[in-house]
Amino acid sequence: MELTTTVAIASPRQRTDWWQGAIMVVLLTILTAFILNPVLRVLWISVTDDQSNFTLIHFGNFFRRPLFRESLWNTLWSGALVVTFSTVLALPLAYVLARYEFRGKLLLQTAATLPLVIPPFVGAVALQLILGRSGMMNLLLQEWFDISIPIMEGLTGVVLVQTLHFFPFILLNTVVSLSNIDASLEEMAQNLGCHGLRLFRRVTLPLMLPGFIAGALLTFIRAIDDLGTPLMLNEKNLLAPQAYLRITTIGMDDVDGYVVCVVLVVLSMVTLLAARKYLSLAEYATVQRAAPVARQLHGRNLAVVWLVIAVILGISLLPHIGIVLLSFAKVWSFSLLPTTYTLGHYEEILFRVPHFIINTLIYTLLAAALDIVLGAAIAFLLLRTSVPGRNALDAIATMPLAIPGVVLAVGYLRVFHGWDFPGIGAPLTSSWLILVVAYTMRRLPYTVRACYAALQQVHITLEESAQNLGANRFRTFVKTTLPMIGGGLVAGGLIAFVTSCVELASTIMLVPRIELGPISYGIYLYMQSPLGRGAGAALGVVAILLVSFGTYLAHRVFGGRAGNAFRI
Amino acid sequence: MNTSRVTLENIGKSYGEQWVVRAVNLQIQAGDFFTFLGPSGCGKTTLLRMIAGFAIPDEGSIRLDDREVSRMPPWQRDIGMVFQNYALWPHMTVFENVAFGLRERRIARDEINQRVNRALEMVDLKGRESRRPSQLSGGQQQRVALARTLVIQPKVLLLDEPLSNLDAKLRVEMRLELLKLQRGLGLTTIYVTHDQEEALAMSTKIAVMHQGRVVQVDQPRVIYEQPIDDFVAAFVGQANLLAGRIDSRTESRLAIDIGDGNFIEVSDGGTFRTGDAVWLSLRPEAIELALPGTEKTSVNNLHGIVAAAAYQGAFVEYEIAAANRIVKARVAHSKGKTLFQQGDEVMLTFAPDAVICLAGSDGK
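Structure below.
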């Protein structure tokens, strides 16, 4: 996110070599072809008529249709609610985590990251079984009080699922902002007579606010970008599902679908720019000399914190419990728990139709590898050279953060459909490679960020001293730079791997044939019928295991800074 | 200004098994400029933070005049503090920063404006009220921090290495400014630093600290000229520490054997007896150099060979091999005076008054 703020570091004494220019040209070509062009094509279609003349009539139509107006409003409203509820959940936890030492803190930290390993659309299915109309909670309520709470219906369900999934993002961001506040800033206020809630309001809150707001805005982008949850809960009146349904049911030539896409992109872009502004503010506000001293929690306060941990842990584990139960359930309907258990679903996905898992591994590992190469090259150009075009490169590489998966997929379908892509002898859209490309581009900002951070920590003098001692450029890179940035590169790749494993939006639009689908596609297919739910859940468990494993590895590689991976 | 006396009685503070401050007893009089001087990790900052209320002593008491404050929260103490990094709030303007403490004290708006203006005038920052701290230079930031603390008219002022983030030239300027300001206000000030020059220049009293304990408390001049032990001698200023043994004593003089047939005479020998192992502390600037064979001006003469000479304009730093050790000498220089070169034979001369005899070179 902070990429552009430090681009100016490259010193003027460096001259531009031809090969640096060549890398720049190649990178710009790739990013233009697979990021800029598809999005611009979507935009182009939305603002032209049949004769390719400029017109805003499609946007006029958008705002005249009650369905679209309602979808727009629902998107904004549910996004705002998700951010609000996540904040309510995250803020007190963040304060406790950042400012207190107590037994069980590690447990709380772990509990807080659990929702990150379960894809929201998988969580949606699981929560329906527990909190849905005929789920565990309502069955009990019916039996005891003869009432039921329709908490999983429509927009409410979407907000609930997304809140449970997204609150860790706000939590992690807020913890970081809080612990970045220099201890002396608060001590000074105490020294001048300020304490307690007043201290929090006058000093702590204003200082952590920029970082918190940036986190909240980025969470908002993720919420409005999420296609899987509304589809699973059958809530169609939101922008993402509208774009999806328009293109898949009415067809590629329906202009309305493109208009919805453009509205989504504009919303995300504006939010991203705002977040960027706040992030730069946040950096300026932190001094980072001494983090505030964590205080010990004892007695009654500790008991209260433990109670909160238990509740949060319980709630954030609900989807996990539900999905595991479902994956072993032979029959589970209108009953508290499954009535009979089976291993059949795992047999189905591991032996009868193993291609979902195999495809996922091939696609995501390829995408992660490509991301590392692209990310490292981009980071190198931004930090170590003065090749012209670096700002454009940075801007385009950051764009995918604000391009919903649906929109990128629509752009790909439009651009790559109907002509043979050089090298594969068929349209790109009929090959599985399109999924690899989509994953690579969708996750590129994360890897660029990780590579950039890693390379930034290698001070240029470390390389210069190697050259001074006689190592040429290549040997300098292999013997000094690579060992120092290796961890960062791997971590960046793992982030791409983990998030691609559960990418649904672009997947369901781009999968050419069923047998080429990855796990997320399989889950989506299975979940369409009550009979397939068990197998879908088993695939969901596999996805959770893959994500947990990748996240764990990233933690190992990244060390304590692993939280950074989830800060965008 | 209404200023206070600070009494520290048997203060101790430990983190786990480790005592970071132990058995500290200090009387800080109203109006003193009192400095805690010591190397990093000696406990001086912890001691300061206990006075401010950011740490609670495990034992002992802290009194402001006659009021016990050691367990009082920081916001009730009325002790102003300036942090090493200034701790200016980036989300407030200069004016808001300085007005903060007054607003906490629920002072009327008109009076706040008046007092903030006066404080900013005092530190020469009038006209920058609406700037943000990040728009100020380091020196200006520091003066805002000072104004913010002084404007609440604290009973005691605590300064935690306030000059350490400034560049060398500004540091010397601010040292004098701070000195004049403090003497003018007559405000009891406790100053923490590891910079002995700063301590000597500004303090009315210095407490030298080492490993959590106060080693010596006195006026700057006494600390420098009569250090109580080898640590103080070496830490405050430079000192040649020569291990030796008392050879004989007369009414007013001690003769000390420093090995290889070299003897040094010291006046004011304290209570040492013949045979005691001692450290001799000899300041580099107390040594005169002469060509061998010139007329002796003192009873203390050592023959040596210049090992290194660093010309610094107003003086020359020499390292001289003499009496089987390296002795540092700092000789005032002016145009036309002899410069010795590496390898030159020289005679080191110093007065018996200039040498201080300290306990305990046993086993070293």
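Chain order of the listed sequences is A and B. Just so you know, we're using our numbering here: the first sequence kicks off at 1419 and counts up by one. Just so you know, we're using our numbering here: the second sequence kicks off at 714 and counts up by one. The C-beta atom is built at its ideal place from N, Cα and C for all residues, glycine as well. Just so we're clear, the structure is a prediction, and the values are computed from it rather than from any experiment.
Local Cβ density within 10 Å of residue i, reported as buried at 16 or more and exposed below that
i         : result
B/Thr716  : buried
B/Tyr728  : exposed
A/Thr1424 : Reliability fails at A/Thr1424, whose pLDDT of 39 lies under 50, so the model's placement of it is uncertain and no value is given.
A/Gln1706 : With a pLDDT of 47 at A/Gln1706, under the threshold of 50, the predicted position of this residue should be treated as unreliable, and no value is reported.
A/Gln1946 : exposed
A/Trp1495 : exposed
A/Thr1447 : exposed
A/Val1501 : buried
A/Pro2028 : Chain A is shown only over 1419 to 1986; residue 2028 of chain A falls outside these bounds and no answer can be derived.
A/Val1443 : exposed
A/Phe1915 : buried
A/Arg1482 : exposed
B/His907  : buried
B/Val733  : buried
A/Ile1417 : Absent from the model: residue 1417 of chain A. The displayed extent of chain A is 1419 to 1986, so no value can be given.
A/Asn1479 : exposed
A/Thr1704 : Confidence at A/Thr1704 is low in this model, with a pLDDT of 49, below 50, so its placement is unreliable and no value can be given for it.
A/Ile1463 : buried
B/Val1059 : buried
B/Thr963  : exposed
A/Asp1467 : exposed
B/Gly1073 : exposed
A/Gly1954 : buried
Terminal residues of the beta strand (DSSP E) in which residue i lies
i         : result
B/Ile741  : 731 to 741
A/Ile1548 : Unbroken run through A/Ile1548 is the alpha helix (DSSP H), 1538 to 1549; no beta strand (DSSP E).
A/Val1825 : That residue, A/Val1825, is in no beta strand (DSSP E); its alpha helix (DSSP H) goes 1823 to 1834.
B/Leu871  : 869 to 873
Continuous alpha helix (DSSP H) stretch holding residue i: start and end
i         : result
A/Cys1869 : 1851 to 1875
A/Leu1743 : 1717 to 1746
A/Ala1884 : 1878 to 1886
B/Lys757  : 757 to 765
B/Ala1003 : No alpha helix (DSSP H) contains B/Ala1003, which is instead part of the beta strand (DSSP E) from 1001 to 1003.
A/Phe1915 : 1900 to 1919
A/Val1593 : 1572 to 1598
B/Lys893  : 881 to 898
A/Ile1441 : 1436 to 1449
A/Thr1925 : 1923 to 1928
B/Phe1053 : Premise fails: B/Phe1053 is in no alpha helix (DSSP H) and is neither H nor E.
A/Ser1602 : 1601 to 1609
A/Asn1556 : 1554 to 1563
A/Pro1659 : 1657 to 1663
Residues bridged to residue i (per DSSP)
i         : result
B/His1016 : B/Met1060
A/Leu1638 : Sequence check: residue 1638 of chain A is Phe here, not Leu. Answer is none; A/Phe1638 lacks a bridge partner.
B/Cys1070 : B/Leu993
A/Gln1714 : A/Glu1519
B/Arg1038 : B/Ala1035
B/Lys726  : B/Val734
B/Phe747  : B/Ile903, B/Lys918
A/Val1749 : A/Thr1758
A/Phe1839 : A/Ala1844
A/Thr1466 : A/Phe1472
B/Ala1021 : B/Glu1032
B/Arg1043 : B/Glu1030
B/Val719  : B/Ile741, B/Leu777
Chain-ordered chain E contacts of residue i [CB-CB under 8 Å]
i        : result
B/Pro787 : The question asks about chain E, but that chain is absent: this structure's protein chains are A and B.
| field | Secondary structure, beta strand (DSSP E): runs of 3+ residues fully inside the stretch 917 to 987 of chain B | value | Scanning the stretch 917 to 987 of chain B for uninterrupted beta strand (DSSP E) segments of 3 residues or longer gives 918 to 923, 926 to 931, 953 to 962, 966 to 970, 976 to 980, listed from N- to C-terminal end.
| request: Could you tell me which uninterrupted alpha helix (DSSP H) segments, each at least 4 residues in length, are contained entirely in the stretch 773 to 828 of chain B, listed from first to last along the chain? | output: If we require 4 residues or more, the alpha helix (DSSP H) runs fully inside the stretch 773 to 828 of chain B come out as 807 to 817.
| field | Within 7 Å of chain A by C-beta, residues of the stretch 847 to 866 of chain B in sequence order | value | Taking 7 Å as the Cβ-Cβ cut-off, the stretch 847 to 866 of chain B approaches chain A at Ser847, Ile865, given in chain order.
| task | Taking only beta carbons into account, state which residues of the stretch 1585 to 1614 of chain A come closer than 8 Å to chain B, listed in chain order. | result | Answer in chain order: Asp1600, Ser1602, Leu1603, Glu1605, Met1606, Ala1607, Gln1608, Asn1609, Leu1610, Gly1611, Cys1612, His1613.
| query | Residues in the stretch 798 to 818 of chain B with C-beta within 7 Å of chain A's C-beta atoms, listed in sequence order? | reply | Listed in chain order, the positions of the stretch 798 to 818 of chain B with a beta carbon within less than 7 Å of a beta carbon of chain A are Asn798, Ala800, Trp802, Pro803, His804, Phe813, Gly814, Glu817, Arg818.
| Positions along the stretch 1616 to 1634 of chain A whose CB lies within less than 7 Å of some CB in chain B | For the stretch 1616 to 1634 of chain A, which is checked against every Cβ of chain B, the residues closer than 7 Å are Val1621, Pro1624, Leu1625.
| message | What are the residues in the stretch 761 to 779 of chain B lying within 8 Å of chain A by C-beta distance? | response | Per Cβ criterion, the list reads Ala765, Gly766, Phe767.
| Residues of the stretch 727 to 739 of chain B whose Cβ lies closer than 8 Å to any Cβ of chain A, in chain order | So the list is empty, because no residue satisfies the distance condition.
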